[in-house]
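Inspection log for the structure reproduced underneath, given as structure tokens.
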Amino acid sequence: MQDFLLELGKGFSFIKRQYRISTETSNFYIDLVFYNYILKCFVLVDLKADKLAHQDIGQMDMYIRMFNDIKKGPDDNPTIGILMCAERDETVVKYSVLKDSEQIFASKYLPYLPTEEELRREIENTGRMLKDKEE
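Residue numbers for the sequence shown follow my numbering, so the first one is 14 and each next one is one higher.
Okay, here's the thing in structure tokens:
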């Protein structure tokens, strides 16, 4: 957990794994909950073993709204949500609230270390995508 927190950056405090947040009618469980004392906000992390789906984005949006309503203190900044998925679907990102959101982020993660060749291809693909966006 310490290594994971250090990768996130400074100021992160681990709150709980499988954090239960309840309404009058339902219970929901958030994979990981942190508080960043520098940003003064909660950071919710949802781990997805599959490709990013629009349902995942809606779920995180609901978690953020619930946390802002139920848990956020008056001096806290708005809650941030991070979706970590095995594969990021650019079409889902383009046509969802992720496109213009300042509170929800989706990031691809690898459940294993890539080979040197896989890293090379990923760097080349990212370079091409950035070049295409500039043009």
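Cβ coordinates follow ideal geometry from the N, Cα and C atoms, glycine included.
Does G24 come out as helix, strand or coil in the three-state DSSP assignment? coil
Distance, K61 Cα to E100 Cα: 9 Å
Anticipated Cβ contact below 8 Å, L96 with D59, distance rounded: Right, their Cβ atoms sit about 5 Å apart.
From G71 to T36, what distance separates their C-alpha atoms? 17 Å
Using DSSP bridges, identify the partner residues of S35. N40
What does the alpha-carbon distance come out to for the pair I51 and S39? Straight through space, the alpha carbons of S39 and I51 are spaced by roughly 32 Å.
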